[in-house]
Amino acid sequence: MKSSFPYPFSKEQRTYSYSNDAYPITGKPCIEVNDSYIEEISYKRQLIKEQPGRCFRSLPHTHEAQYEAAKLTAEHLVNVSEEEFSIDVTTGGFTLYNSILNEQVSVEEFSGDALRVIGDHVQEDLILMTERDQDIYMDAGYVCFPAGWSLTFNLGMPFLQIHEPVPGFTHQGLDRRILRFLRGLHADTPYERLNWSLSAGRRLDHSLETITEWKRERQLVSPDNAGNKVQLRVERQRLFRLPETQAILFTIHTHHCALDELDYPLVEQLYKILESMPRDILKYKGVSEYEEPLKEYLERKLDYGREPS
Amino acid sequence: MNSFHFAAGHLRYLLIFDSKGAEPAASLRNSLINEGAEFKELYAGSGRDLKWISEEISSQKNGTCLYAALETGLLEKLETAAVCAGYLPEEIQFIPSGSRRRIFCAHCHHISITDCENPPVQCSSCGRYLKVSGSRSGYWQAYLAVDREAF
Numbered sequence: 001m002k003s004s005f006p007y008p009f010s011k012e013q014r015t016y017s018y019s020n021d022a023y024p025i026t027g028k029p030c031i032e033v034n035d036s037y038i039e040e041i042s043y044k045r046q047l048i049k050e051q052p053g054r055c056f057r058s059l060p061h062t063h064e065a066q067y068e069a070a071k072l073t074a075e076h077l078v079n080v081s082e083e084e085f086s087i088d089v090t091t092g093g094f095t096l097y098n099s100i101l102n103e104q105v106s107v108e109e110f111s112g113d114a115l116r117v118i119g120d121h122v123q124e125d126l127i128l129m130t131e132r133d134q135d136i137y138m139d140a141g142y143v144c145f146p147a148g149w150s151l152t153f154n155l156g157m158p159f160l161q162i163h164e165p166v167p168g169f170t171h172q173g174l175d176r177r178i179l180r181f182l183r184g185l186h187a188d189t190p191y192e193r194l195n196w197s198l199s200a201g202r203r204l205d206h207s208l209e210t211i212t213e214w215k216r217e218r219q220l221v222s223p224d225n226a227g228n229k230v231q232l233r234v235e236r237q238r239l240f241r242l243p244e245t246q247a248i249l250f251t252i253h254t255h256h257c258a259l260d261e262l263d264y265p266l267v268e269q270l271y272k273i274l275e276s277m278p279r280d281i282l283k284y285k286g287v288s289e290y291e292e293p294l295k296e297y298l299e300r301k302l303d304y305g306r307e308p309s
Numbered sequence: 310m311n312s313f314h315f316a317a318g319h320l321r322y323l324l325i326f327d328s329k330g331a332e333p334a335a336s337l338r339n340s341l342i343n344e345g346a347e348f349k350e351l352y353a354g355s356g357r358d359l360k361w362i363s364e365e366i367s368s369q370k371n372g373t374c375l376y377a378a379l380e381t382g383l384l385e386k387l388e389t390a391a392v393c394a395g396y397l398p399e400e401i402q403f404i405p406s407g408s409r410r411r412i413f414c415a416h417c418h419h420i421s422i423t424d425c426e427n428p429p430v431q432c433s434s435c436g437r438y439l440k441v442s443g444s445r446s447g448y449w450q451a452y453l454a455v456d457r458e459a460f
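Quick mapping for you: the protein sequence lines, in order, are chains L and U. Take the first sequence: its letter number 309 is residue 309 in my numbering, and every next letter is one higher. Take the second sequence: its letter number 16 is residue 325 in my numbering, and every next letter is one higher.
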């Protein structure tokens, strides 16, 4: 397992749980730059060129917040790597210099869809949420790698309604607690959480629009190929309240790790967590379609890795 | 999921429904009462046409939030009437009361109007056969529909 892979479980975790598991990340940036940067940026640009209406959407009232989010993201790129990124801030705009791509882009304050511009320079999916009517709405996004949902359909939808299809989301008022948490986010204290699932194949684009393409892979999982084919798919999700517009910038960086890369204690942990998962969650996460071959693969690996008594 | 999303914080609310829309209307009514919101409800039974409804919505004060559970065909016309009367998109929520639905094709994003009680449902743009979910967008005023091959 790569050291940069955000392994989603704490050492003690042995069962699946419903909870708001976000933790504060004061001082950390809203984005990461890793060794997949050029490959993923190139893929994002290809997707948005081919399917612009599914990868970028915004409502007109978000332009000011988009500019604030774009400027924050550009500043964080510089914080992450001053050697590769720099920024010139002028009255009414800024210019980002990207030496990895040998490009520079200028964004003006009232130019409109600034998220569309800055999204071309980060590996993350970027989402803007705004607050009204005591609720949080998803009002803009540059999203190429969603995990089974549609940016276009979810545009303008309130937070609670977006998550209605998630099994257990209303369990013990979890949905209301998370909404209250989001509404209480403060600009001084951004938060992070790791959202995990399993996927068949390393394809990043799991958009609802292309579900018939990537879902076929699930049928091809066997006990012999699961170690390489099945991936622990982890989204590093970060939440930043923007101080001026009070919108929320939600960034998602998707990582994959093949099950073969997990060593014995982690395989055992994953096995136990999967065993404890309710059926509706297994189905929602798409695991039930290849549950048997996956289980057989994990049991084989556990037998092999267990020390003789 | 065939229910209104109660948007708190508006000055007042107008609820219009027909006999088939009584269920979502009742659920919303409970929320309005629980919140102590100021609201008015209109039963659009037989003999109540678009003209009557349009006059009612036009006579409301600014800041009114409009909820309607009516037949799809009437809702299409009512949306135009509401926008002309000055309602903002976020002040309008509609739920179709019959089996005819606006459906949003997840693959080509086209919105078709179709009778969901008579499958197969087909996208009138890309031609895919779709399964209609219970997930509904107030922004698109439509239900999400996904290729049947995906299930």
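We treat Cβ as the ideally placed atom computed from N, Cα and C, and that holds for glycine.
Checklist entry - What three-state label does DSSP hand Trp361/U in the structure shown? => result As a first step, residue 361/U is located in the second sequence; it is residue number 52 there, counting from the start. Trp361/U falls in the helix class under three-state DSSP.
Checklist entry - Near Ile420/U, what residues of its chain come up, given a Cβ to Cβ distance below 6 Å and the 5 sequence neighbours on each side ignored? => result As a first step, residue 420/U must be located in the second sequence, where it is residue number 111. Excluding residues within five positions, the ones whose Cβ falls inside 6 Å are Arg411, Phe413, Ala451.
Checklist entry - Could you check where the alpha helix (DSSP H) with Glu332/U kicks off and where it finishes? => result To locate residue 332/U, count along the second sequence from 1; it is residue 23. According to the DSSP assignment, Glu332/U belongs to the alpha helix (DSSP H) that extends over 331-344.
Next on the checklist: Excluding the 5 residues flanking Pro243/L on each side, which residues of the same chain have their C-beta closer than 6 Å to its C-beta?
Outcome noted: Translated into positions along the first sequence, residue 243/L becomes position 243. If we look at Pro243/L and ignore the five residues flanking it on each side, its Cβ neighbours are Ala187.
Next on the checklist: Cβ closer than 7 Å: which chain U residues qualify as neighbours of Asp135/L?
Outcome noted: As a position in the first sequence, residue 135/L is number 135, starting the count at 1. Result: Ala316.
Next on the checklist: Does Ser58/L pass the burial test, meaning 16 or more other C-beta atoms within 10 Å, or should it be called exposed?
Outcome noted: Here the question's residue 58/L lines up with position 58 in the first sequence. It is buried - the Cβ of Ser58/L has at least 16 other Cβ atoms within 10 Å.
Checklist entry - What does a CB cutoff of less than 6 Å around Glu350/U pick up in its chain, not counting 5 residues either side in sequence? => result Reading the second sequence from its first residue, position 41 is the one you call residue 350/U. Once the five neighbours on either side are set aside, the close Cβ partners of Glu350/U are Leu324.
Checklist entry - Does any residue of chain U bring its CB to less than 8 Å from the CB of Leu155/L? => result Here residue 155/L corresponds to residue number 155 of the first sequence, with the count starting at 1. So, interface residue.
Item to check | Residue environment, Leu220/L, which counts as buried when at least 16 other CB atoms sit within 10 Å | outcome: Stepping through the first sequence from its first residue, residue 220/L is reached at position 220. Exposed is the call here.
Checklist entry - At least one CB of chain U closer than 8 Å to the CB of Gln161/L: is that the case? => result Here the question's residue 161/L lines up with position 161 in the first sequence. For Gln161/L, the closest Cβ of chain U is nearer than 8 Å.
Checklist entry - Is the shortest distance between the beta-carbon of His416/U and the beta-carbons of chain L less than 8 Å? => result Counting from 1 along the second sequence, the entry for residue 416/U is found at position 107. Contact of His416/U with chain L is assigned, a C-beta pair being separated by under 8 Å.
Item to check | Member of Leu72/L, Gln269/L, Gly201/L whose CA lies at the smallest distance from the CA of Arg218/L | outcome: Looking up residue 218/L in the first sequence gives position 218. Of the candidates Leu72/L, Gln269/L, Gly201/L, the residue whose Cα lies closest to the Cα of Arg218/L is Gly201/L.
Item to check | With 16 other Cβ atoms within 10 Å as the buried cut-off, status of Met310/U | outcome: Here residue 310/U corresponds to residue number 1 of the second sequence, with the count starting at 1. Its pLDDT being 48, under 50, Met310/U is placed unreliably in this model, and the coordinates cannot settle the point.
Next on the checklist: With three or more beta-carbon pairs closer than 8 Å as the criterion, would you say the region 243-254 of chain L touches the region 272-284 of chain L?
Outcome noted: Counting Cβ pairs under 8 Å, fewer than three are found: no touch.
Checklist entry - With respect to the beta strand (DSSP E) encompassing Tyr352/U, which residues constitute its N-terminal and C-terminal limits? => result The residue labelled residue 352/U in the question sits at position 43 within the second sequence. DSSP places Tyr352/U inside the beta strand (DSSP E), whose first and last residues are 348-352.
Checklist entry - Can you list the residues of chain L that Glu458/U reaches, using a CB-CB cut of under 8 Å? => result Here residue 458/U corresponds to residue number 149 of the second sequence, with the count starting at 1. Close to Glu458/U, with beta-carbon spacing below 8 Å, are these residues of chain L in chain order: Thr212.
Checklist entry - Who does Pro24/L pair with in a DSSP beta bridge? => result Translated into positions along the first sequence, residue 24/L becomes position 24. Answer is Tyr191/L.
Item to check | Buried versus exposed, by CB contacts within 10 Å (16 or more), Gln134/L | outcome: On the first sequence, position 134 is the one that residue 134/L refers to. Here Gln134/L is exposed: its Cβ has fewer than 16 other Cβ atoms, across all protein chains shown, within 10 Å.
Next on the checklist: Please list, in chain order, the residues of the region 440-454 of chain U that have any C-beta partner in chain L closer than 9 Å.
Outcome noted: Against chain L - using a Cβ distance shorter than 9 Å - the residues of the region 440-454 of chain U are Ser442, Gly443, Ser444, Arg445, Ser446, Gly447, Tyr448, Trp449, Ala451, Leu453.
Checklist entry - Among Ser222/L, Pro167/L, Ala258/L, which residue has its Cα nearest to the Cα of Lys2/L? => result The residue labelled residue 2/L in the question sits at position 2 within the first sequence. Here the closest residue by C-alpha is Ala258/L.
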